Amino acid sequence: MTTAQHKIGSGFGATTTAAEAVAGVDLTGKLAVVTGGYSGIGLETTRALTGAGAHVVVPARRRETAQEALAGIDDVEVGELDLGDLESVRAFAERFLATGRRIDLLIANAGIMACPETRVGPGWEAQFATNHLGHFALVNRLWPAVTEGARVVSLSSRGHHYSPIRWDDVHFERGYEKWQAYGQAKTANVLFAVRLDELGAEKDVHAFALHPGGIMTPLQRHLPREEMIERGWIDEAGNYLMEFKTPEQGAATTVWAATSPQLAGLGGLYLEDCDVAELAPEDAEGLADSGVRRYAVDRAQAERLWTLSAQLTGVDAFARP
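If you use full-length UniProt numbering, the sequence shown corresponds to residues 1 to 321, in order.
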């Protein structure tokens, strides 16, 4: 398998902040949609984009909470959206399309991690449904508004190392394991970007997936303290035992993916630490130190997932009559 998954020497790194990643980029007149852009690294993404001149639309499941979090940031509007509810996705997209506006940056940032077994919609596993299927439906429904030359950014995680797509049991109907379910959902986020980049070529739209880094944010809300101690993240007193990124640093790769001229002409790639990631070693077991798994950037797998996702959601902007 040939791949363009090689570092390009961006000059940035793990400690780069979102503001540094977008420095010198003028987004005046641009419109960005950032799901979950009111919490954790999503909030810092919104802050950086508006700071560069963009107008940001933040679809949020908790609208009042989002408005409170975004108070004081100019050029932001909040919309109502629950990614776990395809009817909510449809309604948000229809409201946006009715405004006649165009989207220059579309960032699929919202997500859930390692939650207890939860079913949404017609019994779908919640992490796959929320992190992947909800965003799949959203991007496809908003596609008529996506402008030529736009970028779509899909937030994945190094957690995709935990699992490829489980084609024989995508919704964990034969037993649930929260980290494997998270891994599958994050693999889906990468494969989505790989396939969308191919399909978006006719509009010169490029898509990227990324690992934002290890950051302590509300994403950890489902993890009991005991598990974080067991994983070596914190000690008994709650002190960090690992070097976590700040939210400002965690948002940097997202902002770089969405705006950097260094990525012009590239797409369908997995990024980390504000650079293109290398492939993870073939013999790495579990969570490798860095890189992307081959199965997550495999084009045949990406096409297969797109077909499955379109069947499940009933939405495909690229379906031929």
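Just so you know, even glycine gets a beta-carbon here, dropped at the ideal spot from N, CA and C.
In this text, all values refer to a predicted model and were calculated from it rather than measured experimentally.
Decide if residue i is buried, meaning its Cβ has at least 16 other Cβ atoms within 10 Å, or exposed.
i, result
"residue 167", "exposed"
"residue 264", "exposed"
"residue 110", "buried"
"residue 254", "buried"
"residue 203", "exposed"
"residue 116", "exposed"
"residue 212", "buried"
"residue 311", "exposed"
"residue 174", "exposed"
"residue 95", "exposed"
"residue 320", "exposed"
"residue 28", "exposed"
"residue 71", "exposed"
"residue 258", "buried"
"residue 87", "exposed"
"residue 301", "buried"
"residue 99", "exposed"
"residue 285", "exposed"
"residue 93", "buried"
"residue 313", "buried"
"residue 42", "buried"
Which residues mark the beginning and the end of the beta strand (DSSP E) in which residue i is found?
i, result
"residue 147", "146-155"
"residue 107", "103-108"
What are the residues that DSSP puts in a beta bridge with residue i?
i, result
"residue 208", "153 and 269"
"residue 31", "55"
"residue 215", "245"
"residue 322", "Beyond the ends of the chain as shown, which are 1 and 321, falls residue 322; an answer cannot be given."
"residue 79", "59"
"residue 279", "292"
Leaving aside the five residues before and after residue i along the sequence, list all residues of the same chain whose C-beta is less than 6 Å from its C-beta, in chain order.
i, result
"residue 32", "49, 54, 56 and 105"
"residue 14", "273"
"residue 52", "22, 25 and 27"
"residue 60", "38, 66 and 78"
"residue 252", "16, 17, 18, 21 and 274"
"residue 256", "21 and 274"
"residue 154", "108, 189, 192, 193 and 209"
"residue 137", "86, 89, 313 and 315"
"residue 135", "108"
Between which two residues does the alpha helix (DSSP H) containing residue i stretch?
i, result
"residue 285", "From DSSP, residue 285 is part of no alpha helix (DSSP H); its letter is neither H nor E."
"residue 177", "Looking at the DSSP string, residue 177 is not in any alpha helix (DSSP H), and its letter there is neither H nor E."
"residue 202", "Note, residue 202: premise wrong, no alpha helix (DSSP H); not H, not E."
"residue 18", "18-22"
"residue 170", "Where residue 170 is concerned, there is no enclosing alpha helix (DSSP H), given that its DSSP letter is neither H nor E."
"residue 96", "86-98"
"residue 139", "134-142"
"residue 253", "252-259"
"residue 311", "299-313"
Whose C-beta lies closer than 7 Å to the C-beta of residue i among residues of the same chain, with five residues either side of it excluded?
i, result
"residue 318", "199"
"residue 279", "3, 5, 291, 292 and 294"
"residue 221", "Residue placement at residue 221 is flagged as unreliable, the pLDDT there being 49, under the threshold of 50; a coordinate-derived value is accordingly withheld."
"residue 394", "Look at the range of the chain in this structure, 1 to 321, and you will see that residue 394 is not part of it."
"residue 185", "127, 128, 131 and 132"
"residue 267", "197, 206, 207 and 208"
"residue 163", "180, 183, 184 and 187"
"residue 8", "262, 275 and 276"
"residue 103", "31, 33, 142, 145, 146, 147 and 150"
"residue 306", "195"
"residue 269", "4, 5, 208 and 276"
Please go through the same chain and pick out, in chain order, the residues whose beta-carbon is closer than 8 Å to the beta-carbon of residue i, but skip the five residues on each side of it.
i, result
"residue 159", "113, 179, 182, 183, 186 and 287"
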